[in-house]
Amino acid sequence: PLIPGHEVVGRIEAIAADVSGWSVGQRVGVGFLGGHCGRCEPCRRGDFVNCRDQPFTGMTRDGGYAEMMTARMTGLVAIPDGFDAIDAAPLLCAGITTFNALRRSQARAGELVAIHGIGGLGHLGVQYARRMGFRVAAISRGEDKRALATKLGAHHYIDSDRENAAAALQALGGAKAILATVSSPSAMSPLVDGLAPHGELLVAGAGQEPLSVSTLGLIFGERSVRGTMVGTSIETEDMLGFSLLQKISAMIETFPLEEGQRGFDRMMRNEARFRVVLTMD
Ligand SMILES: [Zn+2]
Ligand SMILES: [Zn+2]
């Protein structure tokens, strides 16, 4: 048995003898990556996200659906004062995923960036993209999300049920980056044709079937498809600082820990708008 749950915020209750730089009582968070080892080859090259000996919180090591948990020092994220735990927690994976993907993309201020999918990740992606200074296009199916996407900061809304999203992006000049947050690879694939030269499709949503991309679409325009996974603990602190500065927050629903199953089921049925946060006293 394993305790599930990542995106955890709490206070340090105790620290091991060999830990320095953190203190009892300090408010900290843990995201998906449970802390790098510092010894493997990627770590020695400074690539902590791709550490080969890193626990995945709630997947390979006990997570946060609990009142207490243990964590590696290298996985800790300092939570700034002024950030409520329930607001900081849902950013520790979804926030860093979208923030870092955009911050590390080829897109520069004023260029067109598209966010594909307005859900748990996408509703944050739109906010980050807008506050980072991009021209933002939100892509979703149907008209339901139009008003929300606009409110979150999208300059353009593309209803992919009604129009060809790639053509719509090209009509806007072509996207320098498309952050794909949906869980359907077949919905992402055609968007490659909406990229500007040197544009990148950043894959943050996981799905079962493979992505199928036109090779000519990649060659002409030298476009690329790239996976993106969260970020380091210090980058997560950058993200929290930016979120506080720019007043970016996740839309959440809260459930007490005792009703965790109800919240979990709601999330799995895709009914939550948009992130479920478990609270405890
Ligand atoms: Zn390592
Ligand atoms: Zn996550």
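Residue numbers (this note's numbering): 17 to 297. Every residue gets a Cβ at the ideal spot worked out from N, C-alpha and C, and that includes glycine.
CB of Val293 within 9 Å of CB of Glu274, strictly: As a position in the sequence shown, residue 293 is number 277, starting the count at 1. As a position in the sequence shown, residue 274 is number 258, starting the count at 1. Glu274 sits away from Val293, with the two beta carbons spaced by 9 Å or more.
Residue range of the unbroken alpha helix (DSSP H) whose run includes Arg43: On the sequence shown, position 27 is the one that residue 43 refers to. Looking at the DSSP string, Arg43 is not in any alpha helix (DSSP H); the run it does join, the beta strand (DSSP E), is Arg43 to Val46.
Beta-bridge partners of His132, as assigned by DSSP: Translated into positions along the sequence shown, residue 132 becomes position 116. Answer is Ile155 and Ala196, bridged to His132.
Terminal residues of the alpha helix (DSSP H) in which His139 lies: The count along the sequence shown starts at 1 and reaches residue 139 at position 123. Start and end: Gly138 to Arg147.
Among Val46, Gly47, Ala182 and Asn66, nearest to Gly54 - alpha-carbon criterion: As a position in the sequence shown, residue 54 is number 38, starting the count at 1. Of the candidates Val46, Gly47, Ala182 and Asn66, the one whose C-alpha sits nearest the C-alpha of Gly54 is Asn66.
Residue burial classification, Gln143 (beta-carbon count within 10 angstroms, cutoff 16): Numbered from 1 along the sequence shown, position 127 holds the residue referred to as residue 143. Buried: at least 16 other Cβ atoms inside 10 Å.
Pair within 9 Å by beta-carbon distance, Pro206 and Pro226: Along the sequence shown, read from residue 1 onward, the residue named residue 206 stands at position 190. Along the sequence shown, read from residue 1 onward, the residue named residue 226 stands at position 210. No, the Cβ-Cβ distance between Pro206 and Pro226 is not below 9 Å.
Rounded C-alpha distance that separates Leu234 from Asn180: Mapped onto the sequence shown, residue 234 falls at position 218. Mapped onto the sequence shown, residue 180 falls at position 164. The straight-line gap separating the alpha-carbon atoms of Leu234 and Asn180 is approximately 18 Å.
Identified DSSP bridge partners for His172: Here the question's residue 172 lines up with position 156 in the sequence shown. Answer is Ala153, bridged to His172.
Cβ pair Val24, Ala123 closer than 9 Å: Stepping through the sequence shown from its first residue, residue 24 is reached at position 8. Stepping through the sequence shown from its first residue, residue 123 is reached at position 107. Against a cut-off of 9 Å, the Cβ pair of Ala123 and Val24 comes out as no contact.
Distance between Ala203 and Ala182 (C-alpha atoms, nearest Å): Within the sequence shown, numbered from 1, the residue matching residue 182 stands at position 166. Within the sequence shown, numbered from 1, the residue matching residue 203 stands at position 187. The alpha-carbon separation between Ala182 and Ala203 amounts to approximately 11 Å.
Length of the line joining the Cα atoms of Thr90 and Leu188: Along the sequence shown, one-based indexing puts residue 90 at 74. Along the sequence shown, one-based indexing puts residue 188 at 172. Rounded to the nearest angstrom, the two C-alpha atoms are 43 Å apart.
Proximity test, His139 beta-carbon vs ligand 2 heavy atom, cut-off 8 Å: Walking along the sequence shown from the start, residue 139 turns up at place 123. His139 Cβ: outside cutoff for every heavy atom of ligand 2.
Rounded distance between the beta-carbons of Gly215 and Lys192, thought under 8 Å: By 1-based counting over the sequence shown, the position of residue 192 is 176. By 1-based counting over the sequence shown, the position of residue 215 is 199. Their Cβ separation, rounded to whole angstroms, is 5 Å, which keeps Lys192 and Gly215 in contact under 8 Å.
Endpoints, beta strand (DSSP E) assigned at Pro213: Numbered from 1 along the sequence shown, position 197 holds the residue referred to as residue 213. For Pro213, the enclosing beta strand (DSSP E) stretches over residues Leu211 to Val219.
Where the beta strand (DSSP E) containing Ile250 begins and where it ends: Counted from its first residue, the sequence shown places residue 250 at position 234. Annotation: Ile250 is outside any beta strand (DSSP E); the continuous alpha helix (DSSP H) that includes it extends over Ser249 to Leu261.
Where the beta strand (DSSP E) containing Ile95 begins and where it ends: Here residue 95 refers to the residue found at position 79 when the sequence shown is read from its first residue. Annotation: Ile95 is outside any beta strand (DSSP E) and is labelled neither H nor E by DSSP.
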